[in-house]
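Asker: Going line by line, the protein sequences match chains A and B.
All residue numbers for the first sequence refer to my numbering, where the first residue is 555 and numbers rise by one.
All residue numbers for the second sequence refer to my numbering, where the first residue is 65 and numbers rise by one.
We treat Cβ as the ideally placed atom computed from N, Cα and C, and that holds for glycine.
A quick note: this is a predicted structure, and the numbers were derived from the prediction, not measured.
Let me begin by handing over the structure; questions about it come next.
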Amino acid sequence: NAGVTQTPKFQVLKTGQSMTLQCAQDMNHEYMSWYRQDPGMGLRLIHYSVGAGITDQGEVPNGYNVSRSTTEDFPLRLLSAAPSQTSVYFCASSYSPWGAINEKLFFGSGTQLSVL
Amino acid sequence: QQQVKQSPQSLIVQKGGISIINCAYENTAFDYFPWYQQFPGKGPALLIAIRPDVSEKKEGRFTISFNKSAKQFSLHIMDSQPGDSATYFCAASGENAGGTSYGKLTFGQGTILTVHP
Chain A
555 NAGVTQTPKF
565 QVLKTGQSMT
575 LQCAQDMNHE
585 YMSWYRQDPG
595 MGLRLIHYSV
605 GAGITDQGEV
615 PNGYNVSRST
625 TEDFPLRLLS
635 AAPSQTSVYF
645 CASSYSPWGA
655 INEKLFFGSG
665 TQLSVL
Chain B
65 QQQVKQSPQS
75 LIVQKGGISI
85 INCAYENTAF
95 DYFPWYQQFP
105 GKGPALLIAI
115 RPDVSEKKEG
125 RFTISFNKSA
135 KQFSLHIMDS
145 QPGDSATYFC
155 AASGENAGGT
165 SYGKLTFGQG
175 TILTVHP
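Now the structure itself:
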């Protein structure tokens, strides 16, 4: 049982490039989400999904796309990378589709992204 | 708009001392308040959580104190150990908090705790 797996761990992009951050979980969790972590800002929700085929925006969705074709995978796409997207990205999942109370989030180990 | 404000940004404590981290929230619809602990190079992990129907929750050396009228809650780490050195995040969510669900956590800015041996 690997939990939440994120790849790659590190990535450097040039401005304007696109890429996909991968996230997979093997716990059969319905709820998955993406956060970005910036110094002094805490973690901010980018997009989330309550099940396969269902996604919605979080607090900071601009510049990012997501899709959820399977329960296990929830990739995050950067359409045209900008220096402001330099951050550490975390994928998280939980069992309940609506993140029920007391339902803890399981986080991956993160992807450190630098956009030059 | 930062709905959960956390302080201090960093905290240095001697081994055996008490570490106290404070958070204040604005949205009165929040009714679930977890704390997450993050070690370098790792993702955050749930440490302890509280609902506003109680004023205090204790799990081992970790205690959450909650003041609903002041919209504040805090984490107390008793007998702090070097192994507690990590970044701590408070968070909040609520089923009716502006259309959010409990899974859509709003995080504080984080506190870097260093416990000296």
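I want to see whether chain B comes within less than 8 Å of lysine 658 of chain A, judged by CB atoms only; does it?
Answerer: It does: the Cβ of lysine 658 of chain A has a partner Cβ on chain B nearer than 8 Å.
Asker: Relative to the C-alpha of serine 133 of chain B, which candidate in B/Ser71, B/Arg125, B/Ser144, B/Tyr89 has its C-alpha closest?
Answerer: Of the candidates B/Ser71, B/Arg125, B/Ser144, B/Tyr89, the one whose C-alpha sits nearest the C-alpha of serine 133 of chain B is B/Tyr89.
Asker: Compute the Euclidean distance between the alpha carbons of cysteine 87 of chain B and leucine 597 of chain A, then round it to the nearest angstrom.
Answerer: Going from the Cα of cysteine 87 of chain B to the Cα of leucine 597 of chain A covers about 15 Å.
Asker: Any heavy atom of the ligand HEM inside 7 Å of the beta-carbon of aspartate 627 of chain A?
Answerer: Ligands in the displayed structure: none, and consequently the ligand HEM is not present.
Asker: For the segment 565 to 582 of chain A and the segment 627 to 636 of chain A, state whether three or more C-beta atom pairs, one from each stretch, are separated by less than 8 Å.
Answerer: Because the criterion of three Cβ pairs below 8 Å is met, the segment 565 to 582 of chain A and the segment 627 to 636 of chain A touch.
Asker: Thinking alanine 109 of chain B and tyrosine 96 of chain B are a contact (beta carbons under 8 Å), I'd like their distance in whole angstroms, please.
Answerer: Actually they are not in contact, since the Cβ atoms of alanine 109 of chain B and tyrosine 96 of chain B sit about 17 Å apart, beyond 8 Å.
Asker: Pairs of beta-carbons, one from the segment 636 to 652 of chain A and one from the segment 590 to 609 of chain A, closer than 8 Å: are there three or more?
Answerer: These segments touch.
Asker: What are the start and end residues of the beta strand (DSSP E) that includes threonine 175 of chain B?
Answerer: From DSSP, the beta strand (DSSP E) with threonine 175 of chain B extends over 175 to 180.
Asker: Count the C-beta pairs between the segment 562 to 575 of chain A and the segment 67 to 77 of chain B that are closer than 8 Å, then say yes if the count reaches three, no if not.
Answerer: No, the segment 562 to 575 of chain A is not in contact with the segment 67 to 77 of chain B.
Asker: According to DSSP, what are the bridge partners of isoleucine 76 of chain B?
Answerer: DSSP, once it has assigned bridges, lists B/Thr178 as partnering isoleucine 76 of chain B.
Asker: Of all Cβ atoms in chain A, is any one closer than 8 Å to the Cβ of glutamine 173 of chain B?
Answerer: Yes, glutamine 173 of chain B counts as interfacial toward chain A.
Asker: So serine 663 of chain A contacts chain B; which residues on that side make the cut at Cβ distance below 9 Å?
Answerer: Neighbours of serine 663 of chain A on chain B, chain order: Gly105, Lys106, Gly107.
Asker: With a CB to CB cut of under 8 Å and the five nearest residues on each side skipped, what residues in its chain are close to leucine 169 of chain B?
Answerer: The answer, listed in chain order, is Pro98, Ala155, Ala156, Ser157.
Asker: Hey, does phenylalanine 153 of chain B have any beta-carbon neighbour from chain A nearer than 8 Å?
Answerer: Closer than 8 Å to some Cβ of chain A, the Cβ of phenylalanine 153 of chain B qualifies, so yes.
Asker: Taking the alpha carbon of proline 615 of chain A as the reference point, which residue from A/Trp588, A/Ser663, A/Phe660, A/Asn582 has its own alpha carbon closest?
Answerer: Of the candidates A/Trp588, A/Ser663, A/Phe660, A/Asn582, the one whose C-alpha sits nearest the C-alpha of proline 615 of chain A is A/Trp588.
Asker: Glycine 147 of chain B by DSSP, collapsed to three states: which one?
Answerer: Helix, per DSSP.
Asker: With DSSP as the reference, identify every bridge partner of glutamine 136 of chain B, one or two as the case may be.
Answerer: Paired residue(s): B/Ala88, B/Asn131.
Asker: What is the DSSP secondary structure of serine 638 of chain A, counted as helix, strand or coil?
Answerer: Helix, per DSSP.
Asker: For histidine 180 of chain B, I'd like the list of residues in its chain whose CB is within less than 6 Å of its CB, leaving aside the five on either flank, ordered along the chain.
Answerer: Result list for histidine 180 of chain B: Gln78, in chain order.
Asker: Using three-state DSSP, classify glycine 81 of chain B as helix, strand or coil.
Answerer: Of the three classes helix, strand and coil, the one that applies to glycine 81 of chain B here is coil, per DSSP.
Asker: Report the residue from A/Val604, A/Tyr602, A/Ala646 whose alpha carbon sits nearest the alpha carbon of valine 558 of chain A.
Answerer: Cα-wise, what sits closest to valine 558 of chain A is A/Ala646.
Asker: Please compile the residues from chain A whose C-beta is within a distance smaller than 8 Å of the C-beta of lysine 168 of chain B.
Answerer: The answer, in chain order, is Ser587, Leu599, Tyr602, Gly612, Gly653.
Asker: Counting contacts by CB-CB distance shorter than 8 Å, is methionine 595 of chain A in contact with chain B?
Answerer: So yes, methionine 595 of chain A belongs to the interface.
Asker: Would you list the one or two residues that DSSP bridges to glutamate 123 of chain B?
Answerer: Glutamate 123 of chain B pairs with B/Phe126.
Asker: Within the same chain, show all residues whose beta-carbon is closer than 7 Å to that of alanine 636 of chain A, passing over the 5 residues directly before and after it, in chain order.
Answerer: Result list for alanine 636 of chain A: Thr569, Gly617, Val669, in chain order.
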